[in-house]
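**Q** Under our numbering, the first residue of the sequence shown carries the number -17, and numbering increases by one thereafter. Input: one structure, supplied below.
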Amino acid sequence: MSDRYASERGSPRVPACPRSQVFLNFNGRFLTMSGPTSRIYAAVSGRTDSGGKFDYSSMRQRKDGVGPIPPGQYWIEPSQMWENHWYNFAPRAAWGDHRITIHVYPGTQTYGRGGFFIHGGTHAGSAGCINLHAGMESFVRDLKEAATSSPDCNIPLTVRY
């Protein structure tokens, strides 16, 4: 089977653009935007375990396709926001109407995993992305506002459980 996210995987790298005044933090329950614009969004990562709970243990973080995004330092670039148009093939139930690639900073241990995004969808859970489900549209709006007032292109994202 081919890797559906091959184009999104890559070696960890430092962004070639300046750092924004906006920062993102994800703790397994919330994605927090801090800086000139401050917001909190309910969020999860990975799929639920057999008991229906989200498991953020280090063992689960190693599981490709079901585990949560591993803790560490990441970054996003607002100009990479992808919009799901009617002619795209991405299922809205899983992806929602928008997604943005999460890039890995050097030194972050991902256990060979990659292809992480921040996205929406109709249900909580993902293959390791940060899923904002119903809150994605608010996040997109807030991110556009924050990026307008701060034209810098690299927004740091810290994942810490």
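All C-beta atoms, glycine included, are put in the ideal place defined by N, C-alpha and C.
So the beta strand (DSSP E) M41 belongs to, where does it begin and stop?
**A** Per DSSP, M41 belongs to no beta strand (DSSP E); it is in the alpha helix (DSSP H), 40 to 43.
**Q** Return the chain-ordered ranges of every beta strand (DSSP E) run that is complete within the region -3 to 33 and spans a minimum of 3 residues.
**A** 5 to 8, 12 to 16, 21 to 24
**Q** Below 8 Å on the Cβ atoms is my contact criterion, and I expect P18 with A129 to pass it. Report the Cβ-Cβ distance as a whole number of Å.
**A** That belief does not hold up - the Cβ atoms of P18 and A129 are roughly 11 Å apart, past 8 Å.
**Q** So, helix, strand or coil for A75, using DSSP?
**A** In this prediction, A75 scores a pLDDT of 47, lower than 50, which makes its location untrustworthy; no coordinate-derived value is stated.
**Q** Which residues bound the beta strand (DSSP E) around G97?
**A** Element bounds for G97: n/a, residue is neither H nor E.
**Q** In the DSSP assignment, what are the bridge partners of F36?
**A** T30
**Q** From N7, V86, I82, P52, pick the residue whose C-alpha is nearest to that of P(-3); which is it?
**A** V86
**Q** Could you pull the start and end residues of the beta strand (DSSP E) that V48 belongs to?
**A** Here V48 belongs to no beta strand (DSSP E), and DSSP marks it neither H nor E.
**Q** With DSSP as the reference, identify every bridge partner of L139, one or two as the case may be.
**A** L6, Y56
**Q** Which residues in the same chain as N136 place their Cβ atom closer than 7 Å to its Cβ, once the five residues preceding and following it in sequence are excluded?
**A** Within the same chain, P(-3), C(-1), P0, R1, S2, W57, E59 come within 7 Å of N136 by CB-CB distance, once the 5 residues on both sides are set aside.
**Q** Going by DSSP, name the residue or residues bridged to R81.
**A** W64, H101
**Q** Does the region 17 to 35 come close enough to the region 98 to 117 to have 3 or more Cβ pairs within less than 8 Å?
**A** Counting Cβ pairs under 8 Å, three or more are found: they touch.
**Q** Which value, in whole angstroms, describes the spacing of the CA atoms of I82 and T140?
**A** 15 Å
**Q** If you count every other CB in all the chains shown that lies within 10 Å of the CB of H101, and 16 or more means buried, which is it?
**A** buried
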